[in-house]
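Here's the structure, in structure tokens; my notes come after.
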Amino acid sequence: MNIKTTLHELAAQLASKEISSAELCRACLAEVDQRDGEIGAFLEINRDNVLKSAAEADARRAKGETLSEFDGIPIGIKDNICVKDERCSCASKILENLNSPYDATAVERLRNQGFIPFGRLNMDEFAMGSSCENSAFQKTRNPLDTSRVPGGSSGGSAACVAAGFTPAALGSDTGGSIRQPAAFCGVVGMKPTYGRVSRHGLVAFASSLDQIGPFTNDAEDAGILLDAISGFDKMDSTSLPGNAGGFADAARRGSESGSLKGMKFGLPKEYYSGGIDAGSAKVLDSAIERVKSLGGEIVDVSLPHTKYAIAVYYIIATAEASANLARFDGMRYGRRIEGKDLTDTYFKSRGEGFGDEVKRRILLGTYVLSSGYYDAYYLRAQKVRTLIRQDFENAFKQCDMMLTPAAPQVAFKFGEKSDPLQMYLSDIFTISLNLAGTCGIAVPAGIDEATGMPVAMQLLGPALGEAGLLQATAAFMRA
């Protein structure tokens with residue numbers, strides 16, 4: 011059975027009874043057993059729950075009562091998205107024994123269509139990292155070259171799909187944590203507009219930046235998952251009002267037409283002024299020529315304030331992390347190390363529970379929020395964030411979407427970026443989109459000749475512009 015396929019192809023096979031859900035899930039489990047020891051995508055899989063859900067899906071299909079055409083298909087879940095009665099550790103020792111008491115809204119909506127949550131996927135601890143080297147439990151390796159990282163923080167999700175363990179997975183994107191690992195592993199990864207997908211049940215890193223999104227093998231699958239998980243949720247105060255849908259249909263239109271005629275693609279000059287390696291630049295140049303050959307119009311645009319994006323992000327994100335992670339103190343749940351008094355218990359629980367990168371960001375965030383520094387750092391960063399958002403709005407008056415690099419280089423080798431600042435710069439092309447709150451997608455564009463590793467282009471869309479991005483992605487990938 012070919013597991014490394016698409017959701018829509020599997021749906022057709024299930025409908026024709028070529029396969030059953032139980033057979034599909036057993037095949038996925040067998041692949042994990044055989045190969046994940048080397049890759050390390052999964053932290054845990056509740057096999058009994060998976061097989062029970064598969065049997066239930068097959069029983070519904072036998073009665074003609076399927077929840078959707080995708081009923082019985084397994085989906086990998088990043089370890090910071092809650093699945094009821096399964097561990098939700100965020101790849102951190104401080105939460106390693108915590109089982110979630112409820113489903114995240116995104117997971118609940120997947121279940122409503124019959125998708126089966128399949129395992130807990132590794133990540134950088136509390137989504138803080140760009141390589142999946144910061145997990146407290148294990149390193150995830152890139153399935154295409156196990157000496158290289160899969161990207162982060164959603165490295166386990168990207169590796170899971172790239173390896174063919176499941177046909178799709180959910181991740182989260184705070185500063186590029188879906189798009190960068192998707193680029194490194196050669197799969198499609200989408201960051202929806204902020205508020206498009208409910209954050210209820212997503213363990214918060216930076217609440218004004220976090221967003222759940224899909225990893226898939228093609229644009230139509232990304233649309234299928236986005237159709238399933240998006241829409242208003244009363245449990246999330248930042249959830250956008252109204253229903254959402256039509257994303258898979260938009261991708262199908264792009265695939266059927268194979269044309270980009272009538273679409274304007276902006277090239278922000280700040281993204282092409284350096285910072286990308288020669289091999290990736292060559293692939294990106296070819297991708298731009300392919301867009302032109304498909305009828306797309308190329309225009310020059312500018313995002314002048316994105317040069318401040320890294321600094322702004324690492325002020326705002328760490329400030330929000332400092333506040334969000336204050337709840338993990340060993341008192342109510344999670345790891346607790348008894349000390350000689352209350353303060354000592356706090357210090358020991360958090361000191362042993364958090365890894366170095368998480369501690370670094372908590373300290374940075376606490377500093378920029380402290381008395382005397384709030385106005386100088388945090389308040390100023392919020393003002394520049396507004397300028398970045400305005401840059402995006404102005405650029406989208408000249409184009410339908412922007413075409414940029416997804417990462418400055420292909421997947422790097424383990425230990426290659428030991429300096430934190432070097433690691434932070436891995437997200438230089440993705441961070442500004444989260445600050446602007448709009449949508450983006452990483453699209454496989456070619457192979458770097460020197461390393462044989464995949465290179466992706468990134469399409470950036472306006473707020474609520476996912477349908478256009480998926481249509482363009484599908485047309486590009488068909489070519």
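With positions in the sequence shown counted from 1, the corresponding number in the numbering used here is that position plus 10. From the three backbone atoms N, C-alpha and C, an ideal C-beta is built for every residue, glycine too.
Can you list, in chain order, the residues of its chain with a C-beta nearer than 8 Å to that of Y112? Leave out the 5 residues immediately preceding and following it. C92, K94 and G211
For N122, count the other beta carbons within 10 Å of its own beta carbon; 16 or more makes it buried, fewer makes it exposed. Which is it? exposed
Three Cβ pairs or more, each shorter than 8 Å: is that satisfied between the segment 174–184 and the segment 223–236? yes
Looking at the structure shown, is E476 part of a helix, part of a strand, or coil, going by DSSP? helix
Selection from A51, L24 and T115 that minimises the alpha carbon distance to R71: L24
Quick test of the definition: if touching needs 3 or more C-beta pairs under 8 Å, does the segment 189–209 touch the segment 443–458? yes
Assigned exposure category for P472 - 16 Cβ within 10 Å defines buried: buried
Taking 8 Å as the threshold (C-beta atoms), are L270 and G223 in contact? no
The beta strand (DSSP E) spanning K274 covers which residue range? K274 to P278
Applying the criterion that 16 or more other CB atoms from any shown protein chain within 10 Å of the CB defines a buried residue, is E426 buried or exposed? exposed
Who are the near neighbours of S303 in its chain, counting only those whose CB is closer than 8 Å to its CB and skipping five residues on each side? A489
To the nearest angstrom, how far is it from the Cα of D259 to the Cα of I126? 23 Å
Using a Cβ-Cβ cutoff of less than 6 Å, which residues in the same chain neighbour A67 once the five nearest sequence positions on both sides are dropped? S31, D81, G82 and G124
Is the segment 399–409 touching the segment 456–467, taking contact as three or more C-beta pairs under 8 Å? no
Comparing C-alpha positions only, which one of S283, Y388 and S141 sits nearest to D429? S141
Meets three-Cβ-pair contact criterion under 8 Å: the segment 416–426 and the segment 279–291: yes
Where DSSP assigns a beta bridge to E307, which residues make up the other side? K274
Round the Cβ separation of R119 and D89 to the nearest angstrom and send it over; I've been treating them as touching at under 8 Å. Contact flag wrong, Cβ pair sits at about 19 Å.
Assuming A391 and I326 form a contact by the criterion Cβ under 8 Å, report the distance between their Cβ atoms to the nearest whole angstrom. 5 Å
For G447 and N144, believed in contact at Cβ under 8 Å, the rounded distance: Incorrect: roughly 25 Å between the Cβ atoms, too far for contact.
Can the beta-carbon of A51 be found less than 8 Å from the beta-carbon of T150? yes
Considering only the alpha carbon of each residue, which of G361, S312 and V322 lies closest to L389? V322
Specify the secondary structure class of E54 as computed by DSSP and reduced to three states. strand
Reference G264, options A22, R36 and L479, closest by Cα: L479
With DSSP as the reference, label L470 as helix, strand or coil. strand
Rounded separation between L335 and A114 - CA only: 19 Å
Look up F225 in the DSSP assignment and say whether it is helix, strand or coil. strand
Would you kindly work out how many angstroms separate the C-alpha atoms of D310 and L20, rounded to a whole number? 41 Å
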